[in-house]
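For the numbering used here, count along the sequence shown from 1 and bump the result up by 12. Just so it is clear, CB atoms sit at the ideal spot from N, CA and C, and this is done for glycine as well. Note that this is a predicted model, so its numbers are computed, not measured. One structure is given here, and the rest of the page talks about it.
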Amino acid sequence: MKLTIISDAFKYILRKKKYGIYILESLLTESIKLILRLRLIGVYIFLYRLQLPFLLWYRINQTKLQEETERTWSFTSTYRHLQVQKIKKVRNLSLRPARRVLELQDTPYYSSQYF
């Protein structure tokens, strides 16, 4: 199809013979550029087709990896959250009596003048 278009253009130019060889040269260069571009596009499409299975495999593995990391992160975050809650409870239990004593010492009813 490409070659028939180019040959029709050559026939048209040879029939006209208005601008001579300049149009022929410009058409040749444009047609060569077009053919090279189409070949490049073909090469890119070929390379993309070669890469498609790899890209699909990579994307599937990335989603699997992301799901696994989300699962592990959710597990570790809940585990850490529970550990932090445990530590807070233990600290609150251990600090309660000391806080009560300090609060009582600050009040005037618990001062040394009443003993």
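| Check | Outcome |
| --- | --- |
| Between the CA atoms of R71 and Q78 - distance to the nearest angstrom | 10 Å |
| Span separating the alpha-carbon of L52 from that of T75 | 32 Å |
| Neighbour-count burial assignment, F127, 16 or more Cβ in a 10 Å radius | Residue placement at F127 cannot be trusted, given a pLDDT of 46 that sits under 50; the coordinates are not used to answer. |
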